[in-house]
Structure formats: structure tokens, C-alpha cells
Amino acid sequence: MGAQKKGGGGARVSEDAEEQSRQRLQAILLADSFATKFRPVTLERPKVLLPIVNVPMIDYTLAWLEYAGIEEVFVFCCAHSTQIIEYLEKSEWYSHPNLVVRTIESHKSISAGDALRYMYEQQTETSQIQGDFVLVSGDTVSNMPLADLIQEHRDRKKKDEKAIMTMVIKQSKSSSLTHQSRLGTDQLFIAVDPLTKQLLHYEEDKIDHPSGSVCLDKSLLESNPSVLVCNDMQDCYIDICSPEVLSLFEDNFDYQHLRRHFVKGVLVDDIMGYKIFTHEIHSSYAARIDNFRSYDTVSKDIIQRWTYPYVPDINFSGNRPLRLGRQGIYRACDAVLSRSADVGASSVIGYGTKIGDGDKILNSVIGNGCCIGSNVVIEGSYIWNNVTIEDGCEIRNAIVCDGVKIRAGAVLQPGVVLSFNVVVGRDFVVPAYSKVSLLQQPTTEDSDDELEYADSSSATADQLSGLNLQMESKASELGPDGAGYIWEVCEGAHDEEWKHSVAPIPEDKLAEITQAIDDDDTDDESVVPTSGELKSDADSINTDMNDPNDDYDYFEKEVEGTVLRAVEENIKVDLVTLEINGLRLSYNMESADCAGATFYSMMKLAVDTPHNSASELYKNAASIITKWKELLGFYVKKIDEQIEVIMKFEEMCQESPKELGPLFTQILHLLYDKDVLQEDAILRWAEEKAGADEADKVYLKQCDTFIQWLKEASEEEDEDDEDEEEDD
Amino acid sequence: MPDVQSMVAEFVNKLRKRKIEGSQATAKCTVELLRSVISHQRVPHANQAAALIDAVKAVGQQLVAANPVELAVGNVVRRVLHIIREEDLSLTTAAMAGLDLLDASDDDDIDNCKGIGYPAMSAAVVAAAARSTLRPPSLQTLLEGTPESATVPYTSSSGADSESKTADKSSLTRKLKHDVIEGVNQLIHEISGCHEQIAEQAIEHIHQNEVILTLGSSRTVLEFLCAAKEKKRSFRVFVAEGAPRYQGHLLAKELVARGLQTTVITDSAVFAMISRVNMVIIGAHAVMANGGVIGPVGVNMAALAAKKHAVPFVVLAGSHKLCPLYPHNPEVLLNELRSPSELLDFGEFSDCLDFGAGSGSLQVVNPTFDYVPPNLVSLFITDTGGHNPSYMYRLIADYYSADDLVM
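So the sequences go chain by chain: P and C.
Throughout the first sequence, residue numbering follows full-length UniProt numbering, covering 1 to 728 in sequence.
Throughout the second sequence, residue numbering follows full-length UniProt numbering, covering 1 to 407 in sequence.
Okay, structure coming up:
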């Protein structure tokens, strides 16, 4: 077929061979996510072969690439490569008339960067990638046309050698509450030149700054007449790349992540001057299945037919088409439904599946060959193939993999993921958000975020062989007649679990967030513009002289990060001082600035620690100050520096008058008690403030008695009464 | 025959991905594909017709499965099967004639002759076949003298011509295939010529100063209206835009380019305008055996409005759109739900589509077709003339063999 294909291409492009090769549309498909978000399921099967609405993800991607006119796809397999290759061999893709599918295997790659470097090395041997190519991952569901976009990219490349990549984005509003897109990813901030569509800034890291601000490089605003900053865009992870991208990866061997490293690296790098452009799609659909939440969302989008023609009732890749009935119910023609079963809207029922009496099925996808007993409730769940569910079970918002057995009366609470062949015991209640697998959870050391399930294919086999033994001994985790281990949630992720789960965000969580936002609003209205993305940006537009200020902001942020890390990881004081000193030198700051920034971050930490009342907040602050007073002490040796700390504190109190305001005196006193501040400093501050506006004197008045007390104390102790005289 | 197979695979692929649109284009592609299937099909000496039928059926099943909603594919496959059967029959009659001639000669010859053409066929079967050939021709064939019926006497006579028994073997084999391909070519000709055939009748239906309403875009309707215009009829056309694909806009553009007085209205204004309209003319996606019509979405509304105001509702359909099946639940089973993005912009509404948030989410339904029951249709105009909905089943009996209805 391949030879034939080439013949066809030759007929069409009758020019020289080089021209022909340039016309050939190629794509690299990364059949590995290089992440662990789909664990434990991905321990046994590669992510791209997981079914979404009963069709493996990779089929959606390949069908779309073929439809979009791509002629050659390199499928890059890493983990479980044998399974992927076996699947492709069995499927019709290897013998497809219009699409040549080649697989590339590499077990060493642990990131997208490694994969592309491997491709580059291969390329020099066989020259596979001849021109611009499309870079997607094997979990992309889309129906966007590519031919025009590739042409656009080529035209731009002709005009501007440096335009090496075009990135596809799509409008998708993220939730105002959770700052999370509908696909469960973090909110994305991008800055684009509205005329040329050049990408200027890209930020999707966990944005935890409560003020919701994004920092843009000021030079962006100098070099571009207008900048469009959006937070309602979704990155589709579909890139049109020029060959330079591969060599860039080769040159920068530390690029691992496509976005976090590569895109940011290119944007920052002024020397090479490479540019990335964006392309916004409107009517077509594109999304990447990145976590369980997006699995849920994309499944629903497919059922709602946004991905047309890649929908269950159309045979797009050798799948058996289902029949679409009213209310969006897709049903296989040989599925057996009991008369009393109630199948609700937007459900999918696969081939050879039996559904018993009195079952209630709503918003769920049920795979092929499942057997469901009577009086079962299935809501918002994804049941894969050959699952047996006995009478009276309740399953809500769960993912149930192939071959699972759920015994009578068992209950799956929202967010549960049952991996392959797990058995849930009679009347057992699987707690919410738990992940259950026959395989034991790998020890946490190797579950580094970037590290893929390395060598898992061999490990899996070993573990499976010893499985029966394990099952005997530990069967009780899922009830007396169950089999499987409930995985423990990793430390940090515990709070995040609801974010990425298949289950909808629970009401109480939403209420909690709403509450938090309300609090924030009342607290720091003065600082944050309503949705607050443009704060620092606006500053830099107004003035060029703001430079030091800007620098100070950055510096303060860095210090804050350092202190935060120090507190979390309990780093020694000298090391922290060393680090802060380093920052001081690199930002060219004074020691007083260090004092201010350090104190600021400590107080911020205290405020950010959850607390219910003012006294708790005080306790938090007290404990932090007590613990880290040495650090602070290092910078507040001089009176000026101490005054700087007080000024900073006053500033903070003004920013959040409700929380810190009432505690001003108490904390000041504490600082005095702990010998961080000397009375001289406090008194001098009081002096300086005495001449200020009434509005500025709020805190001075608050601590009036304290200052009075200080004065009296000094009168008693000191013979030298200069201070008093001046005061009088 | 790898090339035929890959052609089939490619076409199946296109059908699956909904790359081909419009029943005429699909029908044409299907016939051309079937023609090459037939011409590449190796025909065994025995039972050639059955071999051809099997081959066509096998391909046909794949094609129909690829897009069950595009009924034109199934129609054309059945038409081709019908042609094969007819040609086979006429050849049998010819063989019968030969048989009669040879009757006087010795037994060996008879055996020989049978052995060549129809070894499995007993004399009784041959006789039965001959009898069925003599069935009365349909009213349609009598009236129109369609090309198909014209081929029958031709082949039978030529079959009778082949007296030389030695040449019989090869010529008979080649004959059937040749005749079938000839028939298929005629079908292709018919499909590509259906617009002109239908348009020729325009002058009889559209009168001076009339107001015509149409919905969506159909090439047949375009040609029909233009044909009337060319005959110096002056009339006005209202085009309902046909949301959400707004193909009515394209039609309006074309009509204006050809100098017709055109007005575009929204679909929802159809009822308001219908009282001024003299005739509604619609292009069909498919016509079912009961006379029901599957057309672009919104057609049923227009038909009901026309009924209410006693405005004639005329449906134009080439003969390849006649489907021998009776509709069952056509609103769902013969419909195609397309992407909701044709209705609204995903980005704008993405916050309503957030299933994770737990709140109620937005559902969008975008059906492509509408079913108009036969009692709302006043007249069908096909390439063979105007017909009443109740006459459709008879027309279908002319075009299809009962054996092929279930493939």
C-alpha cells in the first residue's frame, strides 16, 4: 500500500523529488503522555489505548489526522510499546490507503523532549521528517482541518525564517471559581500580538498567587504596539512545527516538557529570535485528554457530537457503529435491555451488553460484553468492556476498567477508578476518589512528576505473575471476596484530588471556594482589580521609571518563594540566608529590602495558613516569627532596616485591614519581645509617622499605648533622655 | 484485483467520514465504482449472473454500512443488481430461443449447450425463466419506452444471432458482462442527466407571475427554476435560508446570478409568507416507498404550512433518490445528527458545557433531515414525469427487483 501511495503522490506532483517531499504532510504522534495522571490504569495498558466512548483514543487521533489530509504518521511508542504496535497491526491503520503509519520505539525516553531528540537522531539516519510536521499526542480528539493551517504556517515560514511553530488554541472559558478549565487543567494565560498572532507569553503553571496577577516582561510592551492577554483560551496541544523545532530540542538537551520548557524557552530566548504563532479555531473541536476530568468532559463532548464525524454512530476507524436513538442514547443493535430498565439521556451501550431489570442508567458509557444485574444504578460513569456488575450495586461518577467484577450490593462513591480485573466484594463501599488496582502502588520515590512508568512493561509482567499470591494475602482490602489494593493518595495531591477526578466538583467544595473568594474580595479590593490579571502589566505601561519597583516586586516574589520553601522543607537558616543573599546580589537590592521582603513573606505565610479567628492568625504569626527570627535577625541589625520592617508591616496591614490590621500592636509587641525590633527603631518610626496624614496614622494610634509604654520604659532605664526631649 | 479493492476501500472511507455530500454526487460515485467492480469481476462460466450479483452485493453492503443514512447508495446498488438480473433474464430468453432452434438437433448438442450456459439449470427452470420474461411490461415501460426495456429486444435478438455453437461459450460469457456494463452506463447517463430531464418539465408547472417558495439548496431546484426562466416565464422566488447550514444563501446567490427575482427569508418566516406563495418546490434527499420525503431540516414545517394554506407542495427527485424501503421512525433512524458547532460557537458557550461543575449543562441537537409524510406532498417530479405520492410504489417496482430489497 505504501508503494502505491507514493505512486499516487508522484502523479500529482510532477515536479522534482524535493518539491514532492516538501508537499508530503507528516505528523508525529506521541503515543505516550509522559505523565502519571492516569495511574493506576496506565500501569497495565498505555493511555492511548484506553477507550473513550468505547473506541481507543489513538483511533480518534489517527482518524482525524487521516481526515485532515496527513499522509504519513510516525507513532512514537515508549511505555507499553508492544501493546501499541500489536494494536496497530491488528487495526486497519497499517493497511490504510491514504495514511502511512510507522511506529518508532524507544524505551529510554522519559519525556516529550527525549522523544523528539530520539526522532531527530533517527532522522539523520533515514531522513524521515522532510519538512513541516504536525506534532500531536495520541490522546487528542479533534475534527479541525489541518491543510489550510499547514499552508498558513508554510507561507509564514517563507516570509519569516524564524516562525518555527504554530500552536492551535481554542476559546474555552475556565471556571471563575476553581480557575480550572473544563478539561481540568489549570487556567492558561497567554499574551498574543493581535495582528500577527504571535505568541508573546505563555503561562499555565499552577497559578497560586491569590492576587491573580500575571507578570509580563516589560520589553514585550516596548516592542509590540498592542498585546492581547487572554485567560479564556485552551491549549489544544496541536502544533505545526518546522524541522528547526527538532534541532532546537537537540541543542537544548534539558528541554523535557513541550510547554513548560520548550515554549517558554523559545519565548525567553532573544538570541535565536525564534517565534511561535497561534491559530485560534472556532467551529471545529480540539481537546487533549490529560486527566480523568478531561476524560469525562471529552466523552461528554463526543456524545454531544461536538467531535462529528468522530461520534459513536459513525464507523470512522473500524469501530462498530452504534445506533443513535432519541435523547442521545447510543445503543448497539444486539444489546439486551430489560423492559423495566431505565436508560436515560446521553448514554452509550455497547455490543453484547446485557442490562437487567429495574436498572437505572444515566449519562454513562457502558462498553462491550458487560453484564449488569438487576436494580443497579449507574450514573455518570464509564464502564469499559466485559465488566460484571451484580444486583443492587450503585455506581456514581466512576471509571471501571475491563474485566472488573462488582459483587452484589457494592457501592462505588464518586471519583472512584477501578483498574483492570479488580473484584469489589459483596456490600463493600469503595470510598470516594480512591484508585484501586490489582497492582500494588509503586513506592513514592520513583513517582516523580516527569518520570513515566519506566520499564513498567516488564515490571507489570513480574507483578502480574506474582499476583495470585498477593491477592490471597491482601484480599480483604476490598471486602472478603474482593481483590485489589486501594492506592494511597500522594501527600500533596490529596487536596487536588477532586480537581482532576471524573466526578463533578462536589457542592461543598464549590461553596468553600466561593466563600474564600468572597473573603478575598472584601479583603484586598484595593489591591486587586476585579479579576486582576493586569496589575503589574498596567504599572509597566504607565511608567518607564518604574523599573526599580518592578525589580523589587520580582525580588519580593523570589524571596517569598524561598522562604516558603524553607518553611515547607525545613531548611537551615544559614542556607536560606545564603540564598536570599544571592537574590539580593542578583537583583541589586539593599539589606533593608531583604529585611522587608523576608518579613513580608513570613507574614504572608501566616496569613495564608488557614485560620478561623484573629487569635489563630496571631498564633500562626507568632510561631513563624519565633521559628524564623534568626533569619529576620540577620537582616535587621541596623535601625534603618528595622524601620523598614515596620513600614512594610504597616503597608501589609493597610492592604488587608480586616485580617492583619487589628493585630498590628500585638505583632509589633511580639517582634519587640523576640528582639527582632529594638525600641529605638519603633520610637523612630513613631516619630516619622507623627508628621504624616491622619489616614496614615491609623496604626500609629493603634499602638499608642505600646509606644507610650516603651517610652516610659526607656525613661526609667536610660539616663540619656535625648529621645524624650525631641518627642516633647 | 487490488486496485478495485482499494477503490472500494477509499470510497467506503469517504462515505464513513462524510466527505461526499449530496445524493447525486454519491449516486454517481457509487455507480462508477460498481461499474469498475463489474468490469474487473472474473466471471465463471457457470452461473455468471449470480457471480456478478454476489460481487455487487458484497461491495454494496460495505457501502451501505459505511453511511446508512445516505440512501442513494443503497438505491444505486439495487438498481445495478436489477440491471444484472434483467440482462441475465434477457440472455436466458435468448438461450431459450437458441434452445428452441436446436431442439431438432441431437441430444449431445442440447447437453452441450446447456453445459455451456446454464449447467445447473434444468429445462423446467429455463422454461419458467422464459415465462417470467413474458410477464407484461410495466405501465411505465409501455409509456416511456425506457432504455432498459429497449435493451431487452436488442440483446435477445443478438443472442439469437449467435447460431454458431462454437462461439457460443465465450460470447455468452462476454455478452452478459458487456450488456450489464452497457446498462450501468445508461444508469450513469441517467443520473447525470436527471437535472435536465426534470428541468424540462418546469414550463408545465411554473406559470407567469407566480411566487415560488423553496428551502435549502438543491441543484435540481436551481436548474428547474432556471429552466422556467429561460422559457421567458417571469416569477418570483422566496428562498428560506435553511438554518443552520444556510445553504439557502448559496441558492439565492446563484439564482440572482442567473437573473431571477429572489428574496431570502428566515425559516421561521415561512408561515408568514406562505399565503403569498403559489407553489412550494423542494429538492428531496430521498423519497421513500410510501411517498414520504426526506429533505433538509425545516421542510416538514414548510409542508405543513403549505397544507394549511392549500399551496401545492412539489418535490423534485431524480430517480436515484427513489428508495424501495418503507420508513420506520425516519426522524431518528434515517437522520444524521451533525456537530452542534453549526448552531453555536463552542468557545462562547463553553461555560454552559462544563459537566464537571455539576450544574445543569446545555445540550444541542442538530438534525440534518426532516421527514415529510406522503399526505403533505402534492406532486413528485422525477426524470420520468410527474407522479402522485401514492404512485411511488409502482415506480419503485419498475426500478428494483423484489429480491434485492433486503441486501
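Glycine residues also receive a C-beta, built at the ideal position from the N, C-alpha and C atoms.
For residue i, three-class secondary structure by DSSP
{"i": "residue 70(C)", "result": "coil"}
{"i": "residue 340(P)", "result": "coil"}
{"i": "residue 37(C)", "result": "helix"}
{"i": "residue 144(P)", "result": "coil"}
{"i": "residue 124(C)", "result": "In this prediction, residue 124(C) has a pLDDT of 46, which is less than 50 and means its spatial position is unreliable; what the coordinates show is noted afterwards. Note: residue 124(C) maps to helix in three-state DSSP."}
{"i": "residue 155(P)", "result": "helix"}
{"i": "residue 233(P)", "result": "strand"}
{"i": "residue 31(C)", "result": "helix"}
{"i": "residue 589(P)", "result": "coil"}
{"i": "residue 167(P)", "result": "strand"}
{"i": "residue 20(C)", "result": "coil"}
{"i": "residue 314(C)", "result": "strand"}
{"i": "residue 704(P)", "result": "helix"}
{"i": "residue 11(C)", "result": "helix"}
{"i": "residue 389(P)", "result": "strand"}
{"i": "residue 307(P)", "result": "coil"}
{"i": "residue 382(C)", "result": "strand"}
{"i": "residue 545(P)", "result": "Reliability of the predicted coordinates at residue 545(P) is poor, the pLDDT of 41 falling under 50, and no value is obtained from them."}
{"i": "residue 324(C)", "result": "coil"}
{"i": "residue 435(P)", "result": "strand"}
{"i": "residue 129(P)", "result": "coil"}
{"i": "residue 303(C)", "result": "helix"}
Closest Cα partner of residue i within the set the options
{"i": "residue 65(P)", "options": "265(P), 240(P) and 509(P)", "result": "240(P)"}
{"i": "residue 242(P)", "options": "646(P), 275(P) and 235(P)", "result": "275(P)"}
{"i": "residue 242(C)", "options": "257(C), 226(C), 256(C) and 213(C)", "result": "213(C)"}
{"i": "residue 743(P)", "options": "154(P), 99(P) and 28(P)", "result": "In the structure as shown, chain P starts at 1 and stops at 728, and residue 743(P) therefore has no counterpart that could be examined."}
{"i": "residue 318(P)", "options": "16(C), 93(C), 8(C) and 11(C)", "result": "16(C)"}
{"i": "residue 147(P)", "options": "141(P), 166(P) and 162(P)", "result": "166(P)"}
{"i": "residue 566(P)", "options": "173(P), 584(P) and 624(P)", "result": "624(P)"}
{"i": "residue 333(C)", "options": "18(C), 182(C), 367(C) and 176(C)", "result": "367(C)"}
{"i": "residue 347(P)", "options": "96(P), 381(P), 189(P) and 38(P)", "result": "381(P)"}
{"i": "residue 31(C)", "options": "329(C), 65(C), 180(C) and 210(C)", "result": "180(C)"}
Interface flag, residue i vs chain D, CB-CB below 8 Å
{"i": "residue 87(C)", "result": "No chain D appears in the structure shown, which is made up of the protein chains P and C."}
Identify each residue in the stretch 25–51 of chain C for which the Cβ-Cβ distance to at least one residue of chain P is less than 7 Å, and report them in chain order.
none
Ordered list of alpha helix (DSSP H) runs contained in the stretch 641–695 of chain P, each at least 4 residues:
664–673 and 679–690
Is there contact here, the stretch 32–39 of chain P with the stretch 74–84 of chain P, by at least three beta-carbon pairs under 8 Å?
yes
Got a sec: which bits of the stretch 303–327 of chain P sit with their beta carbon under 7 Å from any beta carbon on chain C, in order along the chain?
304, 305, 306, 308, 309, 314, 315, 316, 324, 325 and 326
Could I get the ranges of all uninterrupted beta strand (DSSP E) runs contained in the stretch 244–296 of chain C, with 3 residues as the minimum, in chain order?
261–265, 279–283 and 293–296
When the Cβ atoms of the stretch 292–303 of chain C are set against those of the stretch 362–373 of chain C, are three or more pairs found closer than 8 Å?
yes
Within the chosen definition, does the stretch 279–297 of chain C reach the stretch 257–264 of chain C through at least 3 CB pairs nearer than 8 Å?
no
Any chance you could list the beta strand (DSSP E) runs of at least 3 consecutive residues sitting entirely within the stretch 180–232 of chain C, in chain order?
211–215
Of the residues that make up the stretch 311–325 of chain C, which ones have a beta carbon closer than 8 Å to any beta carbon in chain P?
none
Kindly confirm or deny that the stretch 570–582 of chain P and the stretch 628–635 of chain P touch, where touching means at least three C-beta pairs closer than 8 Å.
yes
Below 9 Å between beta carbons is the criterion; list the residues of the stretch 162–176 of chain P that meet it against any residue of chain C, in chain order.
170, 171, 172, 173, 174, 175 and 176
Taking any Cβ of chain P, which residues in the stretch 223–254 of chain C have a Cβ under 9 Å from it, in chain order?
none
Mind checking the stretch 94–113 of chain P against chain C and listing, in chain order, the residues whose C-beta falls within less than 9 Å of any C-beta there?
95, 96, 97 and 98
Any contact between the stretch 327–334 of chain P and the stretch 382–391 of chain C? By contact I mean 3 or more CB pairs, one from each, below 8 Å.
no
Every unbroken beta strand (DSSP E) inside the stretch 259–305 of chain P [3 residues or more]:
275–281 and 286–288
Length at least 4, wholly inside the stretch 167–197 of chain P: the alpha helix (DSSP H) runs in chain order
none
Using a Cβ cut-off of 9 Å, which residues of the stretch 367–382 of chain C contact any Cβ in chain P, in chain order?
none
Could you pull out every unbroken beta strand (DSSP E) segment of at least 3 residues lying fully inside the stretch 36–122 of chain P, listed in chain order?
72–77 and 100–105
Counting pairs of beta carbons, one from the stretch 344–360 of chain P and one from the stretch 86–94 of chain P, are three or more of them closer than 8 Å?
no
Hey, is the stretch 221–231 of chain P in contact with the stretch 113–120 of chain P, meaning 3+ C-beta pairs nearer than 8 Å?
no
In chain order, what residues of the stretch 330–356 of chain C put their CB closer than 8 Å to some CB of chain P?
332, 333, 337, 338, 339, 340, 341, 342, 345, 346, 347, 348, 350, 351, 353, 354, 355 and 356
What residues from the stretch 283–297 of chain P come within 8 Å of chain C, judged by C-beta to C-beta, listed N to C?
283, 284, 285, 293, 296 and 297
Does the stretch 418–432 of chain P come close enough to the stretch 288–300 of chain P that 3 or more CB-CB pairs lie under 8 Å?
no
Within the chosen definition, does the stretch 46–59 of chain C reach the stretch 230–248 of chain C through at least 3 CB pairs nearer than 8 Å?
no
Taking only beta carbons into account, state which residues of the stretch 63–84 of chain C come closer than 9 Å to chain P, listed in chain order.
65, 66, 67 and 68
Contacting positions in the stretch 683–713 of chain P - beta carbon closer than 8 Å to chain C
none
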